[in-house]
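K.L.:
In my numbering, the protein residues as written are 41 to 294.
As structure tokens, then:
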């Protein structure tokens, strides 16, 4: 279900018309077709999309969804990614408070780009690079949640965890997001398939136990190259092993 690995292409039919009106109509039609095919800024999840933080922004990854800011919000750090100089990464910081924001290594995205039907889009997994700089191990999980009722929702679901040892260096992790691969995130989880057909939130977190909330901790975590995997790539990743996963991770960052 997941494997950690060290971090990571002149036809006559379309000949120009000699009549200006027809030529203009053809141009307008082509422009409309291209516009329809281009992805919009508000489109839903797309297989192969990747957040690499090279824009210098968090790309809408936030700790809390209620608007409350943690003492140390997620931040993009230059030259901290797996490729070193010039590679940006997202750093999470938790200060161990049990109540209020900022106590856990958790980050969420509820923007349209990461929402919608993962099943219809053919997104069956997530691959990302993670570094654990702490003196203790962390357990990484990915979670998905549906919309707020009365919209159809199957509740919160999470992946099995992958343990990263202390001071791990960059690792490439793959998480399967198929109904049969997920665990209930809380008591309200009813159907993983329903949630995957209408995802409202995706979450990455440190959670030693199978819970949506994550664990209270004092420490940091760094993420990079969060990518939505289509089924063929997921199947390859599950079977590949360390060397091929590392090669794929390097290629997708170029």
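The C-beta atom is built at its ideal place from N, Cα and C for all residues, glycine as well.
Please report the straight-line C-alpha distance between residue 177 and residue 205, rounded to a whole angstrom.
P.N.:
Residue mapping note: residue 177 aligns to position 137 of the chain shown, counting from 1. Residue mapping note: residue 205 aligns to position 165 of the chain shown, counting from 1. Those two C-alpha atoms are separated by around 4 Å.
K.L.:
Whose CA, out of 94, 149, 98 and 141, lies closest to the CA of residue 125?
P.N.:
Within the chain shown, the letter at position 85 stands for residue 125. For residue 125, the nearest C-alpha among the options comes from 94.
K.L.:
Distance check for residue 90 and residue 265, CA to CA, integer angstroms please.
P.N.:
For the purposes of this step, residue 265 is taken as residue 225 along the chain shown, with counting starting at 1. For the purposes of this step, residue 90 is taken as residue 50 along the chain shown, with counting starting at 1. If you take the alpha carbons of residue 265 and residue 90, they lie about 6 Å apart.
K.L.:
Between the region 112 to 127 and the region 173 to 189, do at least 3 Cβ pairs fall closer than 8 Å?
P.N.:
no
K.L.:
What three-state label does DSSP hand residue 212 in the structure shown?
P.N.:
Taking the first residue of the chain shown as 1, we reach residue 212 at position 172. It is a strand residue.
K.L.:
Per the DSSP calculation, residue 267 is bridged to which residue(s)?
P.N.:
Here the question's residue 267 lines up with position 227 in the chain shown. Per DSSP, 90 and 167.
K.L.:
Measuring CA to CA, which of 144, 232, 249 and 196 is closest to residue 259?
P.N.:
Here residue 259 corresponds to residue number 219 of the chain shown, with the count starting at 1. Of 144, 232, 249 and 196, the residue nearest in Cα terms is 144.
K.L.:
Counting along the chain, where does the alpha helix (DSSP H) carrying residue 236 start and finish?
P.N.:
Taking the first residue of the chain shown as 1, we reach residue 236 at position 196. Here the alpha helix (DSSP H) through residue 236 covers 232 to 236.
K.L.:
Tell me the residue span of the beta strand (DSSP E) that contains residue 129.
P.N.:
Reading the chain shown from its first residue, position 89 is the one you call residue 129. Start and end: 129 to 135.
K.L.:
With 16 other CB atoms within 10 Å as the buried threshold, where does residue 122 fall?
P.N.:
On the chain shown, position 82 is the one that residue 122 refers to. Result: buried.
K.L.:
Helix or strand or just coil, what does DSSP make of residue 196?
P.N.:
The residue you call residue 196 lines up with position 156 of the chain shown. Secondary structure of residue 196 (DSSP, three-state): coil.
K.L.:
On the CB-based measure, 16 or more other CB atoms within 10 Å of its CB, does residue 192 come out buried or exposed?
P.N.:
For the purposes of this step, residue 192 is taken as the residue at position 152 of the chain shown. Looking at its Cβ environment, which holds fewer than 16 other Cβ atoms inside 10 Å, residue 192 is exposed.
K.L.:
CB residue 182 to CB residue 243, shorter than 8 Å?
P.N.:
Residue numbering aside, residue 182 sits at position 142 when the chain shown is read from its first letter. Residue numbering aside, residue 243 sits at position 203 when the chain shown is read from its first letter. Yes; because the gap between Cβ atoms is below 8 Å, this pair is in contact.
K.L.:
At a threshold of 7 Å, does residue 160 count as lining the ligand ATP (C-beta to nearest heavy atom)?
P.N.:
Among the components modelled here there is no ligand, and therefore nothing to report on the ligand ATP.
K.L.:
In the structure shown, what three-state DSSP assignment does residue 115 receive?
P.N.:
By one-based count along the chain shown, residue 115 stands at place 75. Strand at residue 115.
K.L.:
Which stretch, first to last residue, makes up the alpha helix (DSSP H) that contains residue 161?
P.N.:
On the chain shown, position 121 is the one that residue 161 refers to. Looking at the DSSP string, the run of the alpha helix (DSSP H) that includes residue 161 is 158 to 161.
K.L.:
Can you tell me which of 101, 92, 135 and 150 puts its alpha carbon nearest to the alpha carbon of residue 185?
P.N.:
By 1-based counting over the chain shown, the position of residue 185 is 145. Among 101, 92, 135 and 150, the Cα nearest to that of residue 185 is on 150.
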